[in-house]
Amino acid sequence: MRTSVSQSMDYSWDYAASLFWSRYPNPFSKHVLFEDTLERSLIDSNTLYTKRIIMKQGFGSIPFWLRKILSNRHELMVEESIVDISARRITTITRNVGALARYAVVEERCEYFPLVRRQEKSSSPQDCMQIERCLSAKSSLAAKVLYPLWAFLKMRYASSAEKSLLGFNHVCQMHSQNPSATVTVAPPSSLRDSARSHIKELARTQRPRVVIAETEPSN
Numbered sequence: 001m002r003t004s005v006s007q008s009m010d011y012s013w014d015y016a017a018s019l020f021w022s023r024y025p026n027p028f029s030k031h032v033l034f035e036d037t038l039e040r041s042l043i044d045s046n047t048l049y050t051k052r053i054i055m056k057q058g059f060g061s062i063p064f065w066l067r068k069i070l071s072n073r074h075e076l077m078v079e080e081s082i083v084d085i086s087a088r089r090i091t092t093i094t095r096n097v098g099a100l101a102r103y104a105v106v107e108e109r110c111e112y113f114p115l116v117r118r119q120e121k122s123s124s125p126q127d128c129m130q131i132e133r134c135l136s137a138k139s140s141l142a143a144k145v146l147y148p149l150w151a152f153l154k155m156r157y158a159s160s161a162e163k164s165l166l167g168f169n170h171v172c173q174m175h176s177q178n179p180s181a182t183v184t185v186a187p188p189s190s191l192r193d194s195a196r197s198h199i200k201e202l203a204r205t206q207r208p209r210v211v212i213a214e215t216e217p218s219n
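Structural data, given as structure tokens:
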């Protein structure tokens with residue numbers, strides 16, 4: 001099961017990439033409650049690998065018959081990313097490790113790369129950033145449950161992708177107006193403790209692995 005979304009930003013790749021780690025918090029991504037870095041290392045002089053854990057708000061208003069599967073108030077995600085400065089490309093893979101993972105593993109792959117756009121009223125090309133998002137799901141659930149669940153997740157993903165774009169644009173605009181602007185939000189202690197506890201559990205049970213470092217970039 002797979003669905004994709006194509007987006008573009010009216011900011012250069014170099015500028016937007018410099019703010020990639022400042023995407024949260026923003027007014028359009030209030031569902032992102034907490035984020036922390038598990039691992040960060042240089043693969044070579046131009047390539048940075050990062051693994052983060054992200055805690056997000058639950059699924060909000062959901063159909064009654066899905067509440068047993070999606071009843072958890074918070075969902076934990078692991079995000080792995082490769083920032084390749086020489087290729088001017090950012091690749092991220094995000095997957096769920098919270099309550100939903102007992103029933104389905106949902107994975108999002110995002111590619112951020114430059115796009116040269118020619119404006120109709122200008123002879124000068126505009127350097128923009130293209131974002132290609134792809135969502136996939138794997139599950140052993142019966143078809144009568146899996147297909148309605150996928151329909152719900154796909155519908156929710158379209159809205160989430162739009163909010164992610166709006167939030168990233170907001171951060172880029174904010175920093176273009178005030179380059180020294182910084183925003184910090186301290187998570188509630190209960191959320192912070194819960195996330196850190198899960199981080200320790202992951203560290204004990206899973207060896208850090210670079211799962212996307214050798215992935216060939218798509219054209």
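Per UniProt numbering, residue 1 is the first one in the sequence shown, and the count goes up by one each step. All C-beta atoms, glycine included, are put in the ideal place defined by N, C-alpha and C. These numbers were taken from a predicted model, which means no experiment stands behind them.
Which residues does DSSP list as the beta-bridge partners of residue i?
i, result
"Q57", "H74"
"A104", "S139"
"R95", "V78, E107"
"P114", "M129"
"R52", "T37, E79"
"S4", "C134"
"D84", "T47, R89"
"V32", "K56"
"M9", "M129"
"L42", "L48"
Mind reading off the beta-carbon distance from residue i to residue j? Whole number of angstroms is fine, and I expect it under 8 Å.
i, j, result
"V78", "K51", "7 Å"
"V32", "I54", "6 Å"
"L141", "Y157", "The pair is not a contact, with the Cβ atoms about 18 Å apart (cut-off 8 Å)."
Just to confirm, is the Cβ distance from residue i to residue j under 8 Å?
i, j, result
"E75", "A99", "yes"
"D84", "T47", "yes"
"S45", "K163", "no"
"S8", "M129", "yes"
"Y112", "R95", "no"
"G167", "R2", "no"
"L153", "V106", "yes"
"C110", "I131", "yes"
"W13", "P114", "yes"
"A137", "W150", "yes"
"Y15", "C172", "yes"
"H170", "P27", "yes"
"D127", "V116", "yes"
"V5", "R102", "no"
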